[in-house]
Structures are given as structure tokens and as C-alpha cells.
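Protein chains: 2
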Amino acid sequence: MTTTEILQRAKAACPALARISSAEKDAALLAMADALEAHAEPILEANRADLEQARGSVSPVMLDRLALSPARIRAMADGIRDVAALPDPVGRVLTRVERPNGLVIEKTAVALGVVAIIYESRPNVTSDAAALALKSGNVCVLRSGRQAHGSASAIVDALRAGLRQTGLCEDFVNLVEDTSRASAAELMQAVGLVDLLIPRGGSGLIRSCVENARVPCIQTGTGICHIYVDKAADLDMALDLLDNAKTSRPSVCNAAECCLVDAAVAERFLPMLKARLVDARAAAGLPPVELRLDARAAACIDGTPAGEQDFDTEFLDYILAVAVVDGVEAAISHIAAHSTGHSEAIVTADEAAAAAFAAGVDSAAVYINASTRFTDGGEFGLGCEMGISTQKLHARGPMGLDELSTYKYVVRGSGQIR
Amino acid sequence: MTTTEILQRAKAACPALARISSAEKDAALLAMADALEAHAEPILEANRADLEQARGSVSPVMLDRLALSPARIRAMADGIRDVAALPDPVGRVLTRVERPNGLVIEKTAVALGVVAIIYESRPNVTSDAAALALKSGNVCVLRSGRQAHGSASAIVDALRAGLRQTGLCEDFVNLVEDTSRASAAELMQAVGLVDLLIPRGGSGLIRSCVENARVPCIQTGTGICHIYVDKAADLDMALDLLDNAKTSRPSVCNAAECCLVDAAVAERFLPMLKARLVDARAAAGLPPVELRLDARAAACIDGTPAGEQDFDTEFLDYILAVAVVDGVEAAISHIAAHSTGHSEAIVTADEAAAAAFAAGVDSAAVYINASTRFTDGGEFGLGCEMGISTQKLHARGPMGLDELSTYKYVVRGSGQIR
Chain A
29 MTTTEILQRA KAACPALARI SSAEKDAALL AMADALEAHA EPILEANRAD
79 LEQARGSVSP VMLDRLALSP ARIRAMADGI RDVAALPDPV GRVLTRVERP
129 NGLVIEKTAV ALGVVAIIYE SRPNVTSDAA ALALKSGNVC VLRSGRQAHG
179 SASAIVDALR AGLRQTGLCE DFVNLVEDTS RASAAELMQA VGLVDLLIPR
229 GGSGLIRSCV ENARVPCIQT GTGICHIYVD KAADLDMALD LLDNAKTSRP
279 SVCNAAECCL VDAAVAERFL PMLKARLVDA RAAAGLPPVE LRLDARAAAC
329 IDGTPAGEQD FDTEFLDYIL AVAVVDGVEA AISHIAAHST GHSEAIVTAD
379 EAAAAAFAAG VDSAAVYINA STRFTDGGEF GLGCEMGIST QKLHARGPMG
429 LDELSTYKYV VRGSGQIR
Chain B
29 MTTTEILQRA KAACPALARI SSAEKDAALL AMADALEAHA EPILEANRAD
79 LEQARGSVSP VMLDRLALSP ARIRAMADGI RDVAALPDPV GRVLTRVERP
129 NGLVIEKTAV ALGVVAIIYE SRPNVTSDAA ALALKSGNVC VLRSGRQAHG
179 SASAIVDALR AGLRQTGLCE DFVNLVEDTS RASAAELMQA VGLVDLLIPR
229 GGSGLIRSCV ENARVPCIQT GTGICHIYVD KAADLDMALD LLDNAKTSRP
279 SVCNAAECCL VDAAVAERFL PMLKARLVDA RAAAGLPPVE LRLDARAAAC
329 IDGTPAGEQD FDTEFLDYIL AVAVVDGVEA AISHIAAHST GHSEAIVTAD
379 EAAAAAFAAG VDSAAVYINA STRFTDGGEF GLGCEMGIST QKLHARGPMG
429 LDELSTYKYV VRGSGQIR
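Read top to bottom, the protein sequences are chains A and B.
Quick note: the first sequence uses the numbering used here, first residue 29, plus one each step.
Quick note: the second sequence uses the numbering used here, first residue 29, plus one each step.
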């Protein structure tokens, strides 16, 4: 089927999805979760083929993003079950006012309609996105990256089988067949057929959407996350946070890419940083972190001299840009110039510095004495997530069910005129 | 100053605006309101020049939109005072969760940054938009239509004088000097300088923004509003609602443009409609409404045969498209095909028809037995409005202060890692 045909079928399925009850949606989600586990074998087989194809052409970090296992499939199914257990975000009356003229105005949560998601090589996004869309009453059109398309296709087959088992329309969950650039462009241009486009992926994809999308779009996921080590920091805590934010999962968007160190503690802290992230890791047989140092940091420790673009790069790898700054205001300025607005942290025991940082940094999540790795729907208590918005409109930070809905005003009168 | 220079000054003013207190913002708004009244004479003089220039080239309805009077200036100043009296939308903690790991996550309302508004010939938009932007902590960049630019310029001079009197930066309120198409295009493309673009105007402007905007944008105001007269309608009520929705102020976006009549009552209702909107108005010396009739309506009454495009046109004039449909589902389908998603009404005493209409019509405001003219920030109790969103993302329907803000997550920890 062409992408346009898939979109037309998706749009046509919206009224049917709007009519089913919360209980029916939840039953369908549980059936989809069961079907996913029942289809584990064909899914793993398709994933092995995807991995075989990708090997050699992508980094080990990227291969890890792509790989499925029985445990990961179980986790995906449990993720769907968790979504089923969440409250229904649509149908609720958000506010109700009775006006002096007798009009009763109810602001009511409703689904968006067709939500299209363009993503790259993480197969679990397929089931996460389908579950969140269905729960929020939206028909989804998924467009997987080429490298994970076989896995995504097997997953969608399973999810649609689950829908059929509960007697529902399988067009509530759709996968674009064409993985060329043309299909992404079609989704971006499908005014009237796509109510929300969510690109999840690297900066190239996001930029392409900003440049080309004519449908409503939410930018997600590019994370050039900073950790600022203030002069009043507990330096051991700073070390733990940097180690966690950089090395626990370098391929994800909430990993730290840049460490800013207050000049007042640079000479003490930077040797500790190198000992922990480079030397100790190498000694333990772990991949050492490559430190890319600005001139002031290079005066304190050895490392790679940073090029200007190193402070504007989402490495997604064992690489950390390091700069020395003069205090919290300079850190805020550096972040304003280089951040993607995702997540930034300050490590400090000074309340005033923490408050200045929290107020002055214009990012979706601002941390005081915690790792940037917590920017995540699950960690924020949303139950799941559709992506992390780095824009300010509609949704910011982790997007859960509420962020996948809109509202309309239902106004009841008895003949009022103005 | 060039448009880019104005945008850069606006962006640079954001941190200063973020730092001032609610009380300071309110004092500034009151000073702006007073300054507006104190500058009434130069504003009226500029408005007379604008009107002189426009006369002959625009319709009487458009001239009415453009015209100011001492009473209208007073109303604009009172509008600013009303905004000052509203609660501050930013700084509030919207939700607060403490996670099992001890992280405290506060979702906190914050300003967007620079809000740009492109509008057409209504000078009162200048003061409304400036007041709402300031109250919500945003720096505004206003781009008035050419025909109202003189009036807008005099109004902005007054507002900036008010800011100066309270010792604040006058760059919190800015007017683009260039009224050529180039300046609108510059605002649409100013990624990094414009946090939200709000086009308020006709369908050409909105379409141009959808096609060309690379900055976050909210579509507003195009209203092809429908009133559906159900077979269970009180026909006298339907007549009152249609008369009000069509003729009380035809130049505004919440005016009705199309009447759909259930076939079961068409032969009774349409002659009543013609008698009220055409014959009685002509007899009273009022402009009669031109009825543009589909074939089935034309079988009941005299009028202009409707061309296909009449059902897709925002007339903003004494013109009403009329079609006969077979019941509420057909009305919903017609609306889905022709509406701009602004406001639609059903007139019916049948609860089931009302519920089907409210659920099935995918518009910002859906009315049961009331005029579409109520879709308005003031009428909805928001105190004021920045425009009426016809999109689903971020804001839908009348946009007040909350819709001009975003949020960020401030997360406090004590060294948590993931």
C-alpha cells in the first residue's frame, strides 16, 4: 500500500476509535501485549535479519539500540500492559464553567486523530508508540527506520493480530511500508490527514521536519545535555552524576554530552574526572570516555583538544566535551548558546546558585544534584513515553498520554445570543 | 530598524522580563493603560489617516474593523486593566511529584519567550496582544497589517511610554516597522528568535504560515462556522440564533457562514429564514443577507444558486450559504468536509442528536442551542484573548494567558543516579 493510502485508511478509522469505550481500549491493549509475546519467535527472527544487515555499517552502540531479546520483548509487552492500567486521558471534563448568561462551557479532553511517528532503529518504539496512541484514542501511523523495518513489521503484525482478536479494526495501528526518504516527506506534507507528527531520532531527522513539515509537529529527542559542576559542588557527587549520565547508556538522548566546570574547582575536579571516566574505566576493561577539552580544561588534564563543533554535537557515544566556565551565569550562557533544550543539571550545595540555574536555564528539564538520565516518562511517573519534546509548544519534556490528547469546548445553552 | 534587529532586541529583553515580579508586571500594565488614554489624540489622528487611506479600497465591514473612537480606545485601556487583574499564569507549580528515589519533580509554568503576532487591520489587537504577552512574561513582536500600521504605531508608542514610566525596558513591546510581505516571511523563518508565531487574519495569511513557517506557529481565526437546524429544533430559536450568528457582527471569525437544515424541516424553516434575514431586514432598511442555496434549498426558497466554493468560503459579510442535509450524521459529514474547525452549533431539543453532534464534530467549540458568536476569550471567562486557535496542538479555541505559557520540569535531588 502507498503511504497516502495508509494515511487515508488511518483517517477513516478515527471515528470508530473515538466511539469505543475505555474498557474496550484496555482489553485491546492486553490482547496486543499477549499477541506480542505469542509472536516472539517471528519477531526475533526478523530482528536477527535486521541485525545481520546492519552489522558493520553502524556503531556497537547503535546495534545495541536495534537488538531485541526475549527479555526485551517481554518488557515491551509489559510496557503495553502498564499503559492499559493508566487512566484514560480522553473524555474527561478538564474545566467546567457556568456563565452568567446560563451557558455551560465544558473543556473536554479528546483525541488528536491521526498521530504519525517517524523513528529510527529502536524496535521497542513500535509497541510503545502504538500502545500510547491507542490508549489516547489516536490512530497511529508508524514509520520505522530502514534498519529496523523488519522488526517493526513483525511487531505491528503481532499488534494487529491482537486488535483482530478483540474484534477491533486493525487499522488503528499502521506501519508505513516504504522506508525511503519519500515516505517521511509524505507524512510531513499530509495536511488534513496527519493531526500530529512526532519525529523521534537524530538531529538530521528533526531538522528535516522543522524545514519541511506542514503538519503539526513536535520536535523530540535531540539531547545535548549539560552538567555544570559549581564551585559549591560536592565533587564526589558530581563525579557519580557525570559517570552515570555519560556512561550508563551513552546512546540515549538524556545522556550527558558536555561537562561545564566552574573555574574555581577545575584544577581539583578535572583530574578526578579523568581518573574516573578514562583511567579507571580502561583499567577495568571498559570503554574509556574520550574527553574533548577546551583550552582551559586542557591546561588541567590531558585529552583531545575540542573543536568548536564538539560543543554542538550529540555524540551518543563515549565522548564528553569539557569546558571551564566562570561561575553559574557563564554556565547558563554557555547552555543557552549550545543546548538543544532537553536536560541540564547543576551540581551544587549553594541554594542561590541552584535557584539561578533553575530559573535561567530554558530547557525541558533542569536538575539540581541529579543525573540527566532521569528525563524519561517512566522515571517521571507517566507510565510510558512517546518521546521527549525539546520544543515549548503543546508538550515539553517526556510526552505521556495527556500530551497525546487535545481538547474541545462543548457549550450547552437554551437559545443564548450575543 | 530591520525586522531582524527588532527580533534580536526582543530576544535580548527576555531574561529581564523573566526576572520582574507579578506586581511589577501589573503596575506596568496599568501604566500602559493610562498612557493609551493619555495618547488618545495622536492615536485617533493616526487612525483617521489610516481610514482615509483605506476608504474606497476595502468594504464597509473592513472599515468598521479598522475604525477607532474615543470609546474604543477607552475599551482597549480597560482591556489592559482587566488583564492586569488576572492571576499571573507563570511561576506556578502545575504538578509536584516526589518519586520513590527521593527526586522531587515540579512541573512549573514559564513564559514562552518571544511571541510574534502577525495581524491585519484591527488596531485593538495591538494593545490586547501586548497586554497578554506582558502579563504572561513574553516579549512581543507585533506586525500589523499595512492598513492599520499608523494606528498600531501610535498605540505602541503609547504602550512603550507606559513601560518607560514604570522604569521598565520598552523593548518588552515591539512593532515591526516594515509592513511588506518580506517582514512576515522573516518572522516565519526566525528559528531561535521567535518562540511562538500567532498569525491572526484571513485564510491567505494562515495558509502562508502553514506553508512557510519554520518557527512554532498557531493557526487562528479562520472561521467557516456552521449552524445545523435539526428536525427536533425549536425553529424560532434556530431563527434567533442564525440571525445573531450571521448579522450581529459579520466581519468576525465566529460569525456563521453556513446554515445546514435537516430535510425534515427544510420546507417549514427555509421560508422563515428568508423572511427574517432577507425580507424583514430589507424592510427595516438593514443590509439583507444574501442566501446562497444548494439545489435542495433552492427548491424551497428564492436565492442565489450556490457555487461549490460557497461552502468553503469565510464570507465575513452579509452572505450565508444554505444546504439541506439528511439528519445529524449528514450534518457532521458536511462539517467535516467544509469546516475550518472553529465553531459549529446544533439547534435541537433531541438529547441524542445533541450528543452525537458534540461527539462527532471535530471543532474547537461545539454549541448546543447557542450562537457561535460566543467563541471568544471574554465570553468564555478568560478575561481577554490572543486569538482563536483552529488547530489542535497546544491551544484550541480562545487563547488566554495559560495558552501563552509553557512549562519546564525542575527536578531536585541529592545525588540520584539511574
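Glycine included, C-beta positions come from ideal geometry on N, C-alpha and C.
Source: prediction; values computed, not measured.
- Collapsing the DSSP output to three states places residue 208(A) in coil.
- DSSP, reduced to helix, strand and coil, places residue 53(B) within a helical segment of the structure shown.
- Looking at the DSSP output, residue 290(A) shares a beta bridge with 353(A).
- Going by C-alpha positions, residue 425(B) is about 8 Å away from residue 248(B).
- Contact between residue 233(A) and residue 202(A) is absent: CB atoms are separated by about 19 Å, not below the 8 Å threshold.
- Distance from the CA of residue 276(B) to the CA of residue 251(B), rounded to the nearest whole angstrom, comes to 15 Å.
- For the pair residue 360(B) and residue 388(B), the CB atoms are nearer than the 7 Å cut-off.
- With contact defined as three or more Cβ pairs closer than 8 Å, the stretch 311–320 of chain B and the stretch 345–360 of chain B are in contact.
- Per DSSP, reduced to three states, the secondary structure at residue 238(B) is helical.
- In this chain, the alpha helix (DSSP H) harbouring residue 177(A) covers 177–193.
- Taking 7 Å as the CB threshold, residue 278(B) stays off the interface with chain A.
- Unbroken alpha helix (DSSP H) runs of no fewer than 4 residues, entirely contained in the stretch 374–405 of chain B, are found at 379–388, following chain order.
- Here DSSP, grouped into helix, strand and coil, assigns residue 419(B) to coil.
- Each residue's CA atom was taken as its position, placing residue 72(B) and residue 36(A) some 53 Å apart.
- By the Cβ test, the stretch 72–81 of chain B is not in contact with the stretch 121–140 of chain B, since fewer than three Cβ pairs between them sit closer than 8 Å.
- By the rule that beta-carbons nearer than 7 Å mark a contact, residue 152(B) does not touch chain A.
- Within the same chain, and ignoring the five residues on either side of residue 366(B) in sequence, the residues whose Cβ sits closer than 8 Å to its Cβ are 252, 254, 286, 339, 340.
- Following the DSSP letters along the chain, one finds residue 126(A) inside the beta strand (DSSP E) bounded by residues 121–126.
- For the options 240(B), 342(B), 197(B), the alpha carbon positioned closest to that of residue 229(B) is the one of 342(B).
- Rounded to whole angstroms, the gap between the alpha carbons of residue 444(B) and residue 397(A) is 7 Å.
- Identification of chain A residues near residue 268(B) by a Cβ-Cβ cut-off of 8 Å yields 443, 445, ordered along the chain.
- DSSP, reduced to helix, strand and coil, places residue 337(B) within a helical segment of the structure shown.
- Residue range 433–444 is occupied by the beta strand (DSSP E) that includes residue 443(A).
- Closest in C-alpha terms to residue 52(A), from the list 82(A), 91(A), 113(A), comes 113(A).
- Between residue 421(B) and residue 117(B), the C-beta gap is not smaller than 7 Å, which leaves the two residues out of contact.
- For residue 346(A), no CB of chain B lies under 7 Å from its own CB, so it is not counted at the interface with that chain.
- Per DSSP, residue 143(A) is one residue of the beta strand (DSSP E) stretching across 142–146.
- A direct Cα-Cα distance of roughly 19 Å separates residue 293(B) from residue 384(B).
- Nearest in C-alpha terms to residue 164(B), of all of 91(B), 45(B), 217(B), 246(B), is 45(B).
- Here residue 167(A) is buried, its C-beta having at least 16 other C-beta atoms within 10 Å.
- Nearest neighbour of residue 261(B) by Cα position, chosen from 363(A), 155(A), 415(A), 442(A), turns out to be 442(A).
- Scanning chain B for C-beta atoms nearer than 7 Å to the C-beta of residue 435(A) yields 424, reported in chain order.
- Across the stretch 376–398 of chain A, CB contacts with chain B closer than 9 Å involve 382, 386, 387, 388, 389, 390, 391, 392, 393, 394, 395, 396, 397, 398, in sequence order along the chain.
- Residue 320(B) has 332(B), 349(B) as its beta-bridge partners, per DSSP.
- Contact note: residue 430(A) does not reach chain B at a C-beta cutoff of 9 Å; the least C-beta distance is about 10 Å.
- Interface flag for residue 108(A) against chain B is unset, since no Cβ pair is found closer than 7 Å.
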